[in-house]
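Colleague: Each residue of the sequence shown is one higher than the one before, starting from 31 at the first, in this note's numbering. Just passing along the structure, written as structure tokens.
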Amino acid sequence: MSESGESFNERIRKRWSRRAADRPDGSFGPVSPDMGADATPPPSDQGTPTGRARLLYERATEAYRDGDVAMVEQLADLIPEGPESEPYRTFARVQSLEAHADDAAAAAVARAYLDRIGPSHPAWDTARALFGEVMVQALIMGTVPLADNLAAAEEALRKPDDSYRHPSGATIRLEAEDDEPLLMVLHGNATKAVRAAKRLVAAEKRSSRAGHADALCTFALCVCAAGDITAARAALVEAEGVLPGRPRIAATRTRVESSPAATLRSEDR
């Protein structure tokens, strides 16, 4: 556990997500009911491949939160190959690609890792959620086709309690979009997405600069989908003030300015 008491589940990165099924000590696997925030930290394993990989990953995460894209990339490259360090190396590579707003490549790396491991792997749930999140981002940015990829992302984002057994015997699945504003946009529910994105911005404003800036980018995409290009542009100006020069902001601006909302506004002038 880090000095801040923040669980690995919260540090594992995707801009603002909290993934279940990772241990507070940084290892992967289901969290036991009695493992709370006050759990006693295990003996240091910094001399092991896993410990070194985790330390580098944690540093990369902190660099990401600070908006230091170059440092994220450097630290990701330093994580050695090998079965013990592979989860951290993979997640750091995805983090580095996301920092550069290279969403299609991030989704490809996350998908390839899932293909190499199975549901019994300790990092499966984290890797699955990571893939779903980065794929949704790639879909909304238009860097991957919707065909097959949307269904794959939704399936990856589903949690065990997203379905229940109907008295008729049928299994009813709830939509995976309730925690994902961008997934709401992909489903055509822009109004609901805007409300969710507003809550996201408020939450991330108290977190890291990267999380805040990225949440504003999400809000910009949501209000743009709702047809409010002025609000979208204002959100990106605010994001630039939070973390100037962030690649995610520039990529989002390009996407927003190529949208129907921007095109229609230009035609009205």
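Cβ atoms here follow ideal geometry from the backbone N, Cα and C, with glycine treated the same way. What you are looking at is a predicted structure, and each value in this text was computed from that prediction instead of being measured.
1. Note the first and the last residue of the continuous alpha helix (DSSP H) segment covering G241.
2. Whole angstroms is fine: what's the gap from A134's alpha carbon to T173's?
3. Do the segment 232 to 242 and the segment 267 to 277 meet, that is, are 3 or more Cβ pairs less than 8 Å apart?
4. From D155 to Y118, what does the alpha carbon distance come to, in whole angstroms?
5. Spatial neighbours of A301 within its chain, please: CB distance less than 6 Å, with the 5 preceding and 5 following residues excluded, ordered by chain position.
6. How would you write the range of the alpha helix (DSSP H) that G162 sits in, first residue to last?
7. Can you check which of these residues, P152, F161, I147, S150, is closest to V139 by C-alpha distance?
8. What does a CB cutoff of less than 7 Å around E92 pick up in its chain, not counting 5 residues either side in sequence?
9. According to DSSP, is N219 part of a helix, a strand, or is it coil?
10. Could you check where the alpha helix (DSSP H) with P277 kicks off and where it finishes?
11. Please return the same chain residues whose Cβ sits closer than 7 Å to the Cβ of A206, not counting the five positions on each side in sequence.
12. Cα separation between E88 and D96?
Modeller: The answer reads as follows:
1. 239 to 255
2. 6 Å
3. yes
4. 14 Å
5. Outside the displayed range of the chain (31 to 299) lies residue 301, so it cannot be described from this structure.
6. 154 to 170
7. For the set P152, F161, I147, S150, the Cα lying nearest the Cα of V139 is the one of F161.
8. none
9. Coil, per DSSP.
10. 277 to 287
11. Annotation note: pLDDT 44 at A206 (below 50); position unreliable, coordinate value reported separately. Once the five neighbours on either side are set aside, the close Cβ partners of A206 are E184, L187, R188, D192, L213.
12. 12 Å
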